[in-house]
Structure formats: C-alpha cells, structure tokens
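**Student:** Below are the structure tokens for one structure; questions will follow.
Numbering (my numbering), first residue to last: 137 to 729.
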C-alpha cells in the first residue's frame, strides 16, 4: 500500500504544470506595453507574500543579451506581496523580455515571463526558456519526503495519544511504533531541508551540494520552519526516553510538543498565506492534530489488536477519541475548503477542487469503515461482558459444589478442576469474541489503508494552486505571455447550459491578431457548441462592431486575421449558442495596445 502510494506521488510529482501558490496579479510595466521612455525599475505584484531569490529577475535586451540589474527586493510601500528590481539608466529602443522567479509564502516556487517595449516593439523578440518551476526529479523526491513526514507525524502523535487515552497493557510494540514514527519524521525533515534549495531554484537534486544552497535554505522562512521542527524532534526524543524509562503516561508536555509539531506544518503550507492567516493556521494545526489522533491511533490500535491483548473498554475509549477527532476534522475541513476554493465553480473547474473532491470521497469511505469498526467494537464489548458474567457464574457454581476444606483452599483433583473449560457456556463466548476481534481487525485495517490514501491526496493538495488564488490570478493577469486571455462565464438558463469561454487574442496589439476561443462545459472539460460568435466595439472612437469571423477548427473556434486598428479599451461581445434555440451573449472589456 505504501509503495503504491509513493509511486503515485512520484509519477504525479514529475509531470504536469508548475504547482505554485502565489499567482502574479500585475506587472509594471504591463505585459506587452509600449513605453515612450525607459522605466527605472520593474515591479511585480502577487496574490500573496513572496520570498525573493538572488536570481529572481533575468532581463534580456532586444538583442537577447542579459542586462545587469540591481538586487531583487520588495517594493517600498508595496509590502511582501511585491518584487522589484532596478534597471540600467539607459535602455535602447526595442522589446525587452523579463523572466522572474519567486517563492510563495507557503514555500512553493513560482516563475514566469513577460515583455515590454521602449519606443517601439522590435521586429523580433528575444526568446527565453524559463523552464519548469521545479525540476521533476527534485519535485518528486521532495513530495515523497513530505508524504513520509505526514505519515510519520500521524504515527508519532497518534500512537502517543492512543497510549495515553486507552492505557493498553505494557506492549513493547507501541514503543517501537513511537520510535519508528520519530526516526521517519527525522529522516523526512532532513531530506526536506537538504532538497529545499534546489526545489526553490528549479535545479536537480545535486544542487543541494552547493554551499550557497545551504546558506539560502537556513536563512529562508521555509528552512527556519524545518529547523524548528528538528529542534522539537530532539526535545521529543528526550521526552520519549524519559517516559519509556519511568513508564509514565503522556501528559501536558507531550501535548505541547504535538501542538508545536503541528504548527510547523501550518507555518509552511497554505495556511501561512492568503486571507485570515491566524484563523487559518489555527484551523490547519487542529486539522493535522485530529488527523494524527485518528489515523495514527488507528495504526496503534491495529497493531495492538494483532500483537497484544486489548480490553473492549480500551477500544471503546479510543472510539470516543476518534469521534471527537472526526468532529474537529469536519469543522476545520469545511473552513479550509471554503478558504482554498473561494467559489463552488472552483470545485470542478480547478485542479485543486478536483483533488479536494477526491479527498472528500476517500474521507467518506474512511467514515464508513469507522462506522463499521464502531459496530464491531460494540459487539465485542457485549460479548466480552457476557463471557465475564458466564465465568463468574461458573466459578460460583464450582464453589457451591466443592466446599472449601478445613485448613484453607486447595485445588480439587477431580473433574471439577477445570470449571473454565467445562462450565456452561464457557467455550462459545470465547469463540464468539474471537470472531468479533477478527472482524474488528479487518475493519481497522481498511481504515488505515484508506487513511494512507487520504494523506497522499492531502500531500498533492498542498502542492497545488488553490482555487481562490487561481481565480485571482486569472482576473489579474494574462495566462499567456504576450497575449490577452479573457474568461467569459455564460449561462443560458437550462440544465447543464453553463460554462465559460476562454478567448485568447494574440498578440493583443494594434494590427493583425489571431483569436482562439475554447468553450468549457459545467464539468470543466472542453465542450462542443453549434455556434460561437465574437465581435469587438470601440465606443470611444465609435468603431464597430467588428466581427471576429470565427470558424470551427475542430475542438476550438478561431481566426488568424482579425484587424483591430486602434489602441484602447474594446468591448468584446461573446455569443454562445448551446442548442437550436438556447443562446446567450456576454460582454467583456479587453485592452488593445
């Protein structure tokens, strides 16, 4: 199960688009703009705070040569959501290409590129391959380490909570689980610390060997969070050794260590950026703690059921603790889903939303397995209670038949010597109890397996751009360098008759442009419609409407020769016909430079 999950993480981690969490909101100069005079600096504005790298900006002149720029820094008065760099005093006429790379507040790198021109655009534009935001091998190893860290912290906190709440008989296997969780979390954290620098810079794993990489990691906020986790692990090791030697139950010091470990996750993931950060970090820490108590406790319960004797009372106590954990998970999960999505459309229209839907489906299966486990627990408690009552009655009957001899009790050597095996109803309850325990083991095993899958999806979620940030990015900046991209939602008022049209105008400047339009249905997939029309009007100059004359290109609608003769804010009217009688028109403003 674990090997399969790691393989899925490796494959998904090495493919697909960049998984950044800070999205570019605006650029100054604007993408594709033509300036009369050269700017003194370049400023980027993001949807959340970002960290800067030494190589956060690369600026190429019209001939493709890299310019000497100042040190990247946050803009004065702009806050941590901005990144700026100073340009040389004199810039030649032509088109400049800017490649940028930053690290979002929740520790994930993001990169991109745009162009601007001084005087007039160049006949040719320098090409710059920004590459992927993360190296595929580094990203895969980093995600595997993050997943192992999730598993380890759940095992460590969950086992400790199980031992404190259920108070099982002294079982060495539980202490081995604690040690396994601690060592795995230590190794995973060290791996994350080593891979942090190449993960940020987009280099291969060997980039971690550079001395500059170590310095950059130890001085950045993600590295500081990982160092704090290592410090807490060292304290936890001393605490666990003391408890193992004194045989004492876990107390408030252990709870404080668990909370501290959970906060290191909250400080390095989605909760540390965006809206309502204090509430989000509290919710994230509680969510992780509840997950650890439930799933890690389940693992401890499963191992104990197989390796040691556990009373029904202990199982019942864990069942109650698990119920509280599930309640906390539901409350915090609803809040975090709302915060990450931002709208119902993002649930099906974004990768984050689809992964969240997959996680919710897995959680439903987990709850179903948990309900089955609670049922078997109740039956086991009933059977064991009946067995105990039968044994008491059998012992009482033996005492009545065999009076105590003078001089004290003695062992009878007749048939009455074994009342436990020959008393009425003694063997049947034992066999029934065995059946209940076997069924409970199977249901708990199912819970653990589904729980591992839930943690795998959670790991992917934390490396995926949230739906809210994706919507903010789409509203604030084009998705294609040098082109105007506009998303136009539509709804004809019939079931399934809604979606959006993504219109790309390239290069989005005066003169000839190509227009491509993709229609997306309610499920987020490309949809086929019988007719799509787009026209452009410039009210300020009383020009238009200019028909884009789109034709069906087999999957999308397009025209490579649309002439927009004047710069300005054009009104783009999009008309979608979904059936013979159902159609709707929507208008959006596009800027032609």
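Virtual Cβ for every residue (Gly too), placed ideally from N, Cα, C.
Computed from a prediction, not measured in an experiment: that's the story for all the values here.
1) Based on DSSP bridge pairs, tell me the residues matched to residue 669.
2) Just tell me which of 453, 427 and 638 has its CA closest to the CA of residue 586.
3) What is the residue span of the beta strand (DSSP E) that residue 187 lies within?
4) Tell me which residues share the same chain as residue 674 and place their Cβ nearer than 7 Å to its Cβ, disregarding the 5 neighbours each side in the sequence.
5) If we count the other Cβ atoms within 10 Å of its Cβ and call it buried at 16 or more, is residue 689 buried or exposed?
6) Rounded to whole angstroms, what's the CA-CA distance from residue 699 to residue 672? Just pull it up for me.
7) Rounded to the nearest angstrom, what separates residue 287 and residue 314 at their Cα positions?
8) Beta-carbon separation of residue 458 and residue 430 under 9 Å?
9) Determine which residues share a DSSP beta bridge with residue 173 and list them.
10) When you compare only the Cα positions, how much space is there between residue 283 and residue 239?
11) Counting C-beta neighbours from all protein chains within 10 Å, is the total for residue 207 16 or more, i.e. buried, or is it exposed?
12) Could you check if residue 295 is buried or exposed, using at least 16 other CB atoms within 10 Å of its CB as the buried criterion?
13) Which residues bound the alpha helix (DSSP H) around residue 99?
14) Return the first residue and the last residue of the beta strand (DSSP E) that residue 253 is part of.
15) When the Cα of residue 496 is compared with those of 466, 486, 507 and 475, which residue comes out closest?
16) So, for residue 434: in the same chain, excluding its five sequence neighbours on each side, which residues have a beta-carbon less than 8 Å away from its beta-carbon?
17) Does the stretch 658-669 touch the stretch 625-645, meaning 3 or more C-beta pairs lie closer than 8 Å?
18) Pull the bridge partners of residue 634 from the DSSP assignment, please.
19) Sorted by chain position, which residues of the same chain lie with C-beta nearer than 7 Å to residue 298's C-beta, five sequence neighbours on each side aside?
20) Name the two residues that bound the continuous beta strand (DSSP E) containing residue 286.
21) How about residue 338 and residue 237: do their beta carbons lie closer than 9 Å?
22) Flag residue 726 as yes if its beta-carbon sits less than 9 Å from any beta-carbon of chain C, otherwise no.
23) So, are the CB atoms of residue 180 and residue 163 less than 9 Å apart?
24) By Cβ distance below 7 Å, which residues in the same chain neighbour residue 344 in space, the five residues on each side in sequence not counted?
25) Please report the residue range of the beta strand (DSSP E) in which residue 692 lies.
26) From residue 501 to residue 375, what does the alpha carbon distance come to, in whole angstroms?
27) Cα separation between residue 472 and residue 416?
**Tutor:** If we stick to the structure as given:
1) Here residue 669 refers to the residue found at position 533 of the chain shown. Per DSSP, the beta-bridge partners of residue 669 are 711.
2) Numbered from 1 along the chain shown, position 450 holds the residue referred to as residue 586. The residue with the shortest Cα to Cα distance from residue 586 is 427.
3) The residue given as residue 187 occupies position 51 in the chain shown. First-last of the beta strand (DSSP E) with residue 187: 186-196.
4) Here residue 674 is taken as the residue at index 538 of the chain shown, counted from 1. Cβ within range, chain order: 680, 702, 704 and 706.
5) For this step, residue 689 is matched to residue 553 along the chain shown. Residue 689 should be labelled exposed.
6) The count along the chain shown starts at 1 and reaches residue 699 at position 563. The count along the chain shown starts at 1 and reaches residue 672 at position 536. The alpha-carbon of residue 699 is positioned some 10 Å away from that of residue 672.
7) Position 151 of the chain shown holds residue 287. Position 178 of the chain shown holds residue 314. Going by the C-alpha atoms only, they are around 12 Å apart.
8) Walking along the chain shown from the start, residue 458 turns up at place 322. Walking along the chain shown from the start, residue 430 turns up at place 294. A contact, by the Cβ cut-off of 9 Å.
9) By one-based count along the chain shown, residue 173 stands at place 37. Listed as beta-bridge partners of residue 173 by DSSP are no residues whatsoever.
10) Along the chain shown, one-based indexing puts residue 283 at 147. Along the chain shown, one-based indexing puts residue 239 at 103. Approximately 21 Å, taken between the alpha carbons.
11) Locating residue 207 in the chain shown gives position 71, counting from the first residue. Burial call: exposed.
12) Mapped onto the chain shown, residue 295 falls at position 159. It is buried - the Cβ of residue 295 has at least 16 other Cβ atoms within 10 Å.
13) Outside the shown range of the chain, which is 137 to 729, sits residue 99, and nothing can be said about it.
14) Indexing the chain shown from 1 puts residue 253 at position 117. It spans 245-254 - the beta strand (DSSP E) in which residue 253 sits, taken as one unbroken run.
15) Within the chain shown, residue 496 is the residue found at index 360, counting from 1. Of the residues 466, 486, 507 and 475, the one whose Cα lies closest to the Cα of residue 496 is 466.
16) Position 298 of the chain shown holds residue 434. Cβ-Cβ distances below 8 Å link residue 434 to 294, 458, 580, 583, 584 and 587 in the same chain, with the five nearest sequence neighbours on each side left out; the list follows chain order.
17) Counting Cβ pairs under 8 Å, three or more are found: they touch.
18) As a position in the chain shown, residue 634 is number 498, starting the count at 1. The beta-bridge partner set that DSSP reports for residue 634 consists of 627.
19) Counting from 1 along the chain shown, the entry for residue 298 is found at position 162. Apart from sequence neighbours up to five positions away, the residues of its chain that approach residue 298 with a beta-carbon distance below 7 Å are 433, 436, 437 and 454, ordered along the chain.
20) Start at 1 with the first residue of the chain shown, and residue 286 comes out as number 150. In the DSSP annotation of this structure, residue 286 is not part of any beta strand (DSSP E); the continuous alpha helix (DSSP H) holding it starts and ends at 272-302.
21) Residue mapping note: residue 338 aligns to position 202 of the chain shown, counting from 1. Residue mapping note: residue 237 aligns to position 101 of the chain shown, counting from 1. The answer is yes: Cβ separation under 9 Å.
22) As a matter of chain content, chain C is missing from the structure shown, which is built from one protein chain.
23) One-based indexing of the chain shown puts residue 180 at position 44. One-based indexing of the chain shown puts residue 163 at position 27. Yes; because the gap between Cβ atoms is below 9 Å, this pair is in contact.
24) The residue given as residue 344 occupies position 208 in the chain shown. Taking residue 344 as the centre and dropping the five residues before and after it, the same chain places the C-beta of 330, 331, 333 and 334 closer than 7 Å to its C-beta, in chain order.
25) Within the chain shown, numbered from 1, the residue matching residue 692 stands at position 556. No beta strand (DSSP E) holds residue 692; DSSP gives it neither H nor E.
26) On the chain shown, residue 501 is found 365 positions in, with the first residue counted as 1. On the chain shown, residue 375 is found 239 positions in, with the first residue counted as 1. Taken atom to atom, the span from the alpha-carbon of residue 501 to that of residue 375 is near 36 Å.
27) As a working note, residue 472 is residue 336 in the chain shown. As a working note, residue 416 is residue 280 in the chain shown. Straight through space, the alpha carbons of residue 416 and residue 472 are spaced by roughly 7 Å.
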